[in-house]
Structure formats: structure tokens, C-alpha cells
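>
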Amino acid sequence: MKDLPEIGCSNTPVLKQRGQREVFCGLTGIIWLHRKMQDAFFLVVGSRTCAHLLQSAAGVMIFAQPRFGTAILEEKDLAGLADSQTEIDREVARLLARRPDIKQLFLVGSCPSEVIKLDLAKAAQRLSAQFAPHVRVLNYSGSGIETTFTQGEDGCLAAMVPVLPATQDAGLVLVGALPDVVEDQALALLADMGIENVTCLPARRAGEMPAVGPNTCFALVQPFLGDTLDALQKRGARHIPAPFPFGAEGTTLWLRAVADVYGVSDEVFARVTAAPRARAEKAIAAATETLGGKSVFFFPDSQLEIPLARFLTRECGMTAIEVGTPYLHRDLMASELALLAQGPVISEGQDVDLQLDRARAARADLTVCGLGLANPLEAEGLATKWAIELVFTPVHFYEQAGDLAGLFARPLRRRALLAPLAPVVEAAE
Ligand code: SF4
């Protein structure tokens, strides 16, 4: 591992921008959350636009029973001519009668439900009382009015924290939705170090949700969980600050931070991590042949930008030109910013036209951005990576470190392969 720079970008002035933004809304989180929580249902209270977003992004489940849906607000609801609370009660009763497998129901707010100030917290409370103990009903907002898409997961997990069971027992909670296979790898590493009583939020089933209390420690695996962090701290749990487990270095530092809290010796730590870490480094090295010496420009989108810039610059030999993030959570990003070498512009928020001007002027070898910007930028000759892929693909911890680097290397390889064809294509035209 390289020596840690003293302050890196910790004191770098942040370019704050407030203008038009190009991001998905928090409903997007349902796509990975419904796969993770196998007895949960996400009922979006929204418009036809919300329904279309979910159906086109998550696909229609033909063989399985769907675990998300949209209660569509019609014009009479939006005009205040119908009692939306009564309609929600009716829809929920109908859904739960048809689907006894549902143990957790999330009422998910949207732009339209927020604009008409539909009180989903009140609805969730009322319905929870009605359907307890079989079903717990919670609510959170997935609206895109002032949020970015990963905040949907934060809202969902933060909504669950107040109803987690209380405990005085010592335990560790991993916080953030990981694909099951990745979660199993993390749990196996911690078990091999002798760390016991480890649970996950969210759990795969309602009955397996972690208990929390003053003797609970928790470590975040995703950098966009600021509200969940606050909610857990309010329950008395203790946060273990660490860089995020992206790449060989990030994973090692994350595990080390957890291991230190549990008094794991250097010897045990080295024994458990040496082999997977070596595999990760080897896999990253393969992608680094493509990434080394290249520049990268991040538009703000997933809130993973700062940890990923740290990974790409420290482990893959890239140079960051701008690292944009929708929100900069200083506490959560402290160790990441300290590791990120000085040089890039750190920007928070977005004024998309101004940022496009900067991206065009920089002409980075790779631009990481949302779907809406990627195609126009590709047409202008810039290689792009869709930020949303970074949350749909398993990228955490050692065994996925090579895949993470590969995600960034692929657009560069594709461009290199297509480059010799360009004059031929032009001549044909
Ligand atoms: S929540 Fe808002 S941004 Fe998201 S799909 Fe619905 S209307 Fe569009």
C-alpha cells in the first residue's frame, strides 16, 4: 500500500454549483433494493412517469411476482378532488390480501405526491397499526425534486432504523445494500478474523433485521448513507469511520478500521487478507494497462465519485481532472479526501451547462456521467462511462476490484478498437 498523503484534497476549496441538474431520481434505488429484500414491496405513490421509469429501468417481471408497483395519482387526486389517503388504504388492503408473502411495505413518495403534500408518514403509521404484526409499513421519499438517485436507498434504510429492535448486546452492522454474493464475501472475511455477531442493514428478510443499541458498531459500505448514519447514531450506535471498500487498498483500509475496533492482531489480519488482496491487486493490474496515464472527469451522479476517483488515481494510475459529487458529506468523505492527491477540481452540485463547458475544455480520456449526457458526449468524441452501472454491478471488496477497474477500462478499449475504423466509416458516408 502507498504511504498516505498528509491531507490530500482535505482542504481543497470546493466549487459549489446550483443550477440545472441531470440525474435520476431516488425511485431508481427500488431496482436494487427490491432484489435485496426478498419479502419487501415498494409501492410508489406517483404519476405515470414514475411507473414508466420503474418499468423501463427494472424491466417487467414475467415469471416472478413483482415486488414493486405504482399507485398512480390521477388528475382528481392532484386537484384535491379525491381523498388520497382513503385510496391508499384501499390499494394497500387489496395488495396485501393478494400477496401474503409481503412482510415489509414501503410507501415511496414521488415528485407529484410531494407537490400535493400527500402525508405518506401518516398513511404508513395508520396502515402499520392495521396490518401489524404480519406487515410493517414504512415510508420514504424517492422524489427527484432535490435529490439524486442513490438517496432513495438512504431514505429507505433511514426509515427502517427507528423500528429496528433494541439490544444491549455488542454487535457489528454492515450498512448498505450489497449483492448477496458480495455480502457473503465480506461476512466471511470478518468471520475469519474472529469478529462475531455481524448483521446487515438491509437484511435479506424482515425477520433478520439487525438489532441496535449503545453497544452496536456499524460500518458503511456505501458513501451515500448520510441520513442512515444520523439515524443509527440517534439509536446510540457507534460509526466506524473508514475509506469505502472499493479496490484492494480501499477494502484493506475498510477492513483494517473494523478490525482495529475489535482488536484483531496484525498477524491475523495479514493472514486473512493476504490472498484475496493479492488476487485483487493482480486483477486491477490487468485493467491498469489500459487505464494508466489516462485522465478522468466525473459528473456528479451516484455519490460514489470521490471514493472512485481515489481508487482510479491511487490504484489504476489515472489522473482526475474534476471530481463532481451531488453532495459533499464532509464527515463521511474525510478519509477519502485525505487519500485523494491534490490536483482535481472538487465540485459539489451541478450547473450542467457550465460543467459541460469544463468537460469539453478538459477533454478527459474518460468522462463518467449520467445516461442523459453520455450519448451526446460520445458523439462529440469523448469516451464515457455510465455512472448508474456502478451501483448495478458488484464492485465492492477484493473479489470485485478487478471488475471495478474493468468497468472503466472497457470504454477506453472499445474506443481504441473503433478508432482505426473511423476514417473508413467517414469515407463510406
Ligand atoms: S419521482 Fe419525480 S423525477 Fe422520479 S419519475 Fe416520478 S416524477 Fe419523475
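Under my numbering, the residue at position 316 of the sequence shown is numbered 318, and the numbers go up by one with no gaps.
Glycine included, C-beta positions come from ideal geometry on N, C-alpha and C.
In the DSSP assignment, the beta strand (DSSP E) including Arg20 goes from what residue to what residue?
If you number the sequence shown from 1, residue 20 lands on position 18. Residues 16-20.
> Taking Ala233 as the reference, which of Asp262, Val177, Ala280 has the closest Cα?
For the purposes of this step, residue 233 is taken as residue 231 along the sequence shown, with counting starting at 1. For Ala233, the nearest C-alpha among the options comes from Val177.
> Going by the C-beta, is Pro243 closer than 7 Å to any heavy atom of the ligand SF4?
If you number the sequence shown from 1, residue 243 lands on position 241. No, the ligand SF4 has no heavy atom inside 7 Å of this Cβ.
> Distance, Cα to Cα, Phe246 vs Pro181?
The sequence position of residue 246 within the sequence shown is 244, counting from 1. The sequence position of residue 181 within the sequence shown is 179, counting from 1. The straight-line gap from Cα to Cα measures roughly 16 Å.
> Closer than 7 Å by C-beta to Gly154: which residues in its own chain qualify, once you throw out the five before and the five after it? Chain order, please.
Within the sequence shown, residue 154 is the residue found at index 152, counting from 1. Answer for Gly154: Gly28, Leu29, Thr30, Gly31, Ile32, Gly144, listed in chain order.
> DSSP has Cys371 in a bridge; who is on the other side?
Stepping through the sequence shown from its first residue, residue 371 is reached at position 369. Paired residues: Trp388.
> Considering only their Cβ atoms, is the gap separating Phe226 from Thr149 smaller than 8 Å?
Along the sequence shown, read from residue 1 onward, the residue named residue 149 stands at position 147. Along the sequence shown, read from residue 1 onward, the residue named residue 226 stands at position 224. Against a cut-off of 8 Å, the Cβ pair of Phe226 and Thr149 comes out as no contact.
> Give me, in chain order, the residues of the same chain whose beta-carbon lies closer than 6 Å to that of Arg416; leave out the 5 immediate sequence neighbours on both sides.
The residue labelled residue 416 in the question sits at position 414 within the sequence shown. Excluding residues within five positions, none has a Cβ falling inside 6 Å.
> Since Ala168 sits in a beta bridge, which residues does DSSP pair it with?
Within the sequence shown, the letter at position 166 stands for residue 168. Per DSSP, Val214.
> With a 10 Å radius around its C-beta and 16 neighbouring C-beta atoms as the bar for buried, classify Ser349 as buried or exposed.
As a first step, residue 349 must be located in the sequence shown, where it is residue number 347. Buried: at least 16 other Cβ atoms inside 10 Å.
> Is the Cβ-Cβ distance between Pro302 and Thr327 less than 8 Å?
Within the sequence shown, the letter at position 300 stands for residue 302. Within the sequence shown, the letter at position 325 stands for residue 327. Yes, the pair counts as a contact, with Cβ atoms nearer than the cut-off.
> Since Gly403 and Ala285 are thought to touch, with beta carbons under 8 Å apart, how far apart are those beta carbons, to the nearest angstrom?
The residue labelled residue 403 in the question sits at position 401 within the sequence shown. The residue labelled residue 285 in the question sits at position 283 within the sequence shown. Inspection of the sequence shows that residue 403 is occupied by Ala rather than by Gly. With a Cβ gap of about 6 Å, Ala403 and Ala285 count as contacting.
> Which value, in whole angstroms, describes the spacing of the CA atoms of Leu129 and Thr72?
On the sequence shown, position 127 is the one that residue 129 refers to. On the sequence shown, position 70 is the one that residue 72 refers to. Those two C-alpha atoms are separated by around 17 Å.
> Looking at the structure shown, is Leu141 part of a helix, part of a strand, or coil, going by DSSP?
Position 139 of the sequence shown, counted from the first residue, corresponds to residue 141. In the sequence under discussion, the amino acid at residue 141 is Asn, which differs from the Leu named in the question. Of the three classes helix, strand and coil, the one that applies to Asn141 here is strand, per DSSP.
> Quick check on Asp367: buried or exposed, where buried means 16 or more other Cβ atoms within 10 Å of its Cβ?
Mapped onto the sequence shown, residue 367 falls at position 365. Buried is the call here.
> Quick check: what's the CA-CA separation for Glu185 versus Leu192?
For this step, residue 185 is matched to residue 183 along the sequence shown. For this step, residue 192 is matched to residue 190 along the sequence shown. The alpha-carbon atoms of Glu185 and Leu192 are separated by roughly 11 Å.
> Flag this pair as yes or no: are the beta carbons of Gly215 and Arg237 separated by less than 8 Å?
Counting from 1 along the sequence shown, the entry for residue 215 is found at position 213. Counting from 1 along the sequence shown, the entry for residue 237 is found at position 235. In contact: Gly215 and Arg237 (Cβ atoms closer than 8 Å).
> Please identify the residue among Phe248, Gly249, Leu231 whose C-alpha is closest to the C-alpha of His241.
Walking along the sequence shown from the start, residue 241 turns up at place 239. It is Leu231 whose Cα lies nearest to the Cα of His241.
> Measure the CB-CB distance between Lys296 and Met320 and report whether it falls below 8 Å.
Translated into positions along the sequence shown, residue 296 becomes position 294. Translated into positions along the sequence shown, residue 320 becomes position 318. It is a contact, given that the beta carbons lie within the stated cut-off.
> Under three-state DSSP, which class holds Gln153?
Sequence index remark: in the sequence shown, residue 153 carries index 151 (1-based). Looking at Gln153 - three-state DSSP - the assignment turns out to be helix.
> My output table needs one value for Gly395: the three-state DSSP class, helix, strand or coil.
Working through the sequence shown from its first residue, we reach residue 395 at position 393. Per the sequence shown, the amino acid found at residue 395 is Thr instead of Gly. Residue state, collapsed to three classes: coil.
> Could you tell me the alpha carbon to alpha carbon distance between Glu428 and Thr254, rounded to whole angstroms?
If you number the sequence shown from 1, residue 428 lands on position 426. If you number the sequence shown from 1, residue 254 lands on position 252. Caution applies to Glu428, whose pLDDT of 49 falls short of 50 and renders its modelled position unreliable; the value that the coordinates give is listed next. Approximately 48 Å, taken between the alpha carbons.
> Using only the alpha-carbon positions, how far apart do Leu420 and Arg362 sit?
Here the question's residue 420 lines up with position 418 in the sequence shown. Here the question's residue 362 lines up with position 360 in the sequence shown. Going by the C-alpha atoms only, they are around 21 Å apart.
> Closer than 7 Å to a non-hydrogen atom of the ligand SF4 - does that hold for the CB of Thr386?
Indexing the sequence shown from 1 puts residue 386 at position 384. For the ligand SF4, not one heavy atom lies less than 7 Å from the Cβ of Thr386.
> Indicate the three-state DSSP secondary structure (helix, strand or coil) for Arg332 in the structure shown.
To locate residue 332, count along the sequence shown from 1; it is residue 330. Three-state result, Arg332: helix.
> Report all residues from its chain with a CB closer than 8 Å to the CB of Lys4; omit the five preceding and five following residues, and keep chain order.
Position 2 of the sequence shown holds residue 4. Only weak support is given to the placement of Lys4: the predicted model assigns it a pLDDT of 49, under 50, and the value that follows is read from those uncertain coordinates. Taken in chain order, the residues that qualify are Glu251, Arg316.
> Does the Cβ of Glu283 have 16 or more other Cβ atoms within 10 Å, making it buried, or fewer, making it exposed?
Position 281 of the sequence shown, counted from the first residue, corresponds to residue 283. Glu283 should be labelled buried.
> For the beta strand (DSSP E) containing Leu107, list its first residue and its last residue.
Along the sequence shown, read from residue 1 onward, the residue named residue 107 stands at position 105. Its beta strand (DSSP E) spans residues 106-111.
> Name, in chain order, the residues that DSSP records as bridge partners for Cys202.
On the sequence shown, residue 202 is found 200 positions in, with the first residue counted as 1. Partner(s): Leu176.
> Would you mind stating whether Phe1 and Cys158 have Cβ atoms separated by less than 8 Å?
Nothing can be reported for residue 1, as the shown portion of the chain is limited to 3 through 431.
> Name the residue from Asn217, Leu310, Val200 whose alpha carbon lies nearest to the alpha carbon of Gly408.
Locating residue 408 in the sequence shown gives position 406, where the first residue counts as 1. Distance check between Gly408 and each of Asn217, Leu310, Val200 places Leu310 closest, using alpha-carbon atoms only.
> From Pro413 to Ala289, what distance separates their C-alpha atoms?
Within the sequence shown, residue 413 is the residue found at index 411, counting from 1. Within the sequence shown, residue 289 is the residue found at index 287, counting from 1. Distance between Pro413 and Ala289, taken at the CA atoms: about 12 Å.
> Taking one C-beta from the stretch 368-382 and one from the stretch 35-43 each time, how about it: are there three or more such pairs within less than 8 Å?
no
> By DSSP, does Cys52 sit in helix, in strand, or in coil?
Reading the sequence shown from its first residue, position 50 is the one you call residue 52. The answer is helix: DSSP assigns Cys52 an H, G or I state.
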